[in-house]
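The sequence shown begins at 1 in the UniProt record's numbering and counts up by one.
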Amino acid sequence: MYTFRKEERLCNKRLLEELFPKGSSFLCYPFRVSWRLADAAQTVPVQVVFPVPKKRYKHAVDRNLIRRRMREAYRLQKQQNLYDILNQANIKLTLSLSYIGKEIEPYQLMEKKMLKMFAQLCELVPHESAKQIN
């Protein structure tokens, strides 16, 4: 339940290249969320990637710290706030949670914003999937 397995990581280059030009996005500071409906063949409800810009954070330790905090907040909240809702609607996603903050935020703030982002995403996705079906 509180795991983050290899299947949940978005590593496929083709899917990543399609995500940004063809997907939808919104801001939930300090995250820029890009998402796209995925094939039904995908084994997990969401495949996700956590990019942190090298341009803003020159040191790898800073980028890794931010990425680690984002993954931890995602891992602990995903099941009840995202997966359960997507499974009920039978929707599968590819997702990018880009960090756009100017400072390294504390974990508590990232967790709070992650919850807000999940709520926003769960509100947008069913409307988008209904449009694609019609």
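The beta carbon of each residue, even a glycine, is placed where N, CA and C say it ideally should be.
- Residues of the same chain with a CB within less than 8 Å of the CB of Leu115, apart from the 5 flanking positions on each side, are Gln77 and Asn81 in chain order.
- Between Pro21 and Lys92, the C-beta gap is not smaller than 7 Å, which leaves the two residues out of contact.
- By the 16-neighbour rule on beta-carbons within 10 angstroms, Leu27 is exposed.
- When C-beta atoms of the region 111 to 130 are compared with those of the region 31 to 43, three or more pairs fall below 8 Å, so the two segments count as touching.
- At a Cβ-Cβ threshold of 7 Å, Ile66 and Tyr99 count as neighbours.
- Under the 10 Å beta carbon count, Met70 is surrounded by 16 or more other beta carbons and is classified as buried.
- Counting the other CB atoms within 10 Å of its CB gives Val52 a total of 16 or more, which places it among the buried residues.
- Taking a contact as a CB-CB distance under 8 Å, the pair Arg9 and Val49 counts as one, their CB atoms being some 7 Å apart.
- By the beta-carbon neighbour count (other beta carbons within 10 angstroms, threshold 16), Tyr74 is buried.
- The beta-bridge partner set that DSSP reports for Tyr99 consists of Phe31.
- The continuous beta strand (DSSP E) containing Val46 extends over residues Val46 to Val49.
- For the set Asn90, Leu109, Glu111 and Gly101, the Cα lying nearest the Cα of Leu37 is the one of Asn90.
- Per the coordinates, the alpha-carbon of Val61 lies some 25 Å from the alpha-carbon of Glu7.
- Listed in chain order, the non-local C-beta contacts of Pro126 below 6 Å within the same chain comprise Ala89, local neighbours out to five positions each way being set aside.
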